[in-house]
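Input: a single structure, listed below in structure tokens.
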């Protein structure tokens, strides 16, 4: 039963994102929205944690939240998929359950 | 009234919470009182002055251009912590080129952003009279 994990806190400010990574299981999906979007950028103190999670989980970021914070899509970690609000809805529909890490 | 040194400490990314916008509004109000105003961008606060912000996709007002107006209010000390940039994979090139015009130097445009180390930031914060935290 695959789960969609939704994270909206910056990984540099709170431990919600790290806690999400520590509790998501293989086959789950993780979607970064709002301030969590900055966690998609490669070359940060957080990127190795996220890359490790991507070995067996799918990771997505809301494009609008990335752009609002001045981060272009070409600097995010390879393999992270950029979605819009319609893609956000699709993810909630495709997964059996969702959990928000607020 | 003696001039006091006011420091606005910005530690949050913009848009996710209202802190960044509120800070900017209070800074602009303070500018009217002719105090010695400085801004510090620490931790996620560095995203507030990131170049190329585009809020079309989230339906919120993009207020990043307002930082460029600070120079007109003689607010030209924007301290950005180097370690905070590095931890986020950013460099000074990722920040908006915020400038002010120096009337004592034939209105020459000069950079408002000053990249400082964490140790230097600590000294700068210690040197202020009043701190506003956002």
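Protein chains in written order, with this note's numbering: chain A, 225 to 326; chain B, 2 to 135. Just so you know, even glycine gets a beta-carbon here, dropped at the ideal spot from N, CA and C.
Find the residues of chain A that neighbour residue 54 (chain B), judging by a C-beta separation of less than 7 Å, and give them in chain order.
By Cβ distance, chain A contributes 292, 293, 294.
Using the beta-carbon of each residue, which ones in chain A are nearer than 8 Å to residue 15 (chain B)?
Ordered by position in chain A, the residues that pass the 8 Å Cβ test against residue 15 (chain B) are 292, 293.
Secondary structure at residue 20 (chain B), three-state DSSP: helix, strand or coil?
If DSSP states are grouped into helix, strand and coil, residue 20 (chain B) belongs with the helices.
Of all the residues that make up the stretch 226-248 of chain A, which are near chain B by a beta-carbon distance shorter than 9 Å?
Cβ contacts with chain B come from 232, 233, 234, 236, 237.
Could you pull the DSSP bridge partners for residue 230 (chain A) from this structure?
Beta-bridge pairing links residue 230 (chain A) to A:255, A:324.
Indicate whether residue 6 (chain B) and residue 103 (chain B) have their beta-carbon atoms separated by less than 9 Å.
Between residue 6 (chain B) and residue 103 (chain B), the C-beta spacing is not below 9 Å.
Taking DSSP as the reference, what is the three-state secondary structure of residue 69 (chain B)?
Helix.
Residue 292 (chain A) and residue 59 (chain B): beta carbons closer than 9 Å?
It is a contact, given that the beta carbons lie within the stated cut-off.
How would you write the range of the alpha helix (DSSP H) that residue 42 (chain B) sits in, first residue to last?
Where residue 42 (chain B) is concerned, there is no enclosing alpha helix (DSSP H), although the beta strand (DSSP E) it sits in stretches over 37-42.
Helix, strand or coil for residue 8 (chain B)? Go by DSSP, reduced to three states.
The answer is strand: DSSP assigns residue 8 (chain B) an E or B state.
Check distances from the C-beta atoms of the stretch 258-280 of chain A to those of chain B and list, in chain order, the residues that come in under 9 Å.
For the stretch 258-280 of chain A, which is checked against every Cβ of chain B, the residues closer than 9 Å are 258, 259, 260, 261, 262, 265, 266, 267, 268, 269, 270, 271.
Chain-ordered chain E contacts of residue 289 (chain A) [CB-CB under 7 Å]:
Protein chains in the displayed structure are A and B, and chain E is not among them.
Can you tell me which of the three DSSP states residue 110 (chain B) falls into?
Of the three classes helix, strand and coil, the one that applies to residue 110 (chain B) here is strand, per DSSP.
Let me know the secondary structure DSSP gives residue 305 (chain A) once reduced to three states.
In this structure, residue 305 (chain A) counts as strand in the three-state DSSP scheme.
Per-residue DSSP class, three states only, for residue 283 (chain A)
Judged by DSSP in its simplified three-state form, residue 283 (chain A) adopts strand.
Own chain residues within Cβ distance below 6 Å of residue 54 (chain B), not counting five before or after:
So the qualifying residues of the chain are 63, 65.
Of the residues A:306, A:326, A:241, A:295, which one's Cα is nearest the Cα of residue 15 (chain B)?
Considering only alpha carbons, the answer is A:295.
Nearest CA to the CA of residue 111 (chain B): which residue from B:71, B:83, B:82?
For residue 111 (chain B), the closest C-alpha among the options B:71, B:83, B:82 is that of B:71.
So, with DSSP's three-state summary, where would you put residue 103 (chain B)?
In the three-state DSSP reduction, residue 103 (chain B) falls in the strand class (E or B).
Look at the alpha carbon of residue 281 (chain A) and the alpha carbon of residue 10 (chain B), and state the distance between them as a whole number of angstroms.
Linking residue 281 (chain A) to residue 10 (chain B) through their CA atoms gives a straight-line distance of about 37 Å.
With residue 79 (chain B) as the anchor, note down where its alpha helix (DSSP H) starts and where it stops.
No alpha helix (DSSP H) contains residue 79 (chain B), which is instead part of the beta strand (DSSP E) from 79-82.
Any Cβ of chain B within less than 9 Å of the Cβ of residue 175 (chain A)?
What the structure shows of chain A is the stretch from 225 to 326, and residue 175 (chain A) is not part of that stretch, so it cannot be assessed.
How big is the Cα-Cα spacing for residue 95 (chain B) and residue 52 (chain B)?
Answer to the nearest angstrom: the Cα atoms are 6 Å apart.
Please state whether DSSP places residue 291 (chain A) in a helix, a strand or coil.
Reduced to three states, the DSSP call for residue 291 (chain A) is helix.
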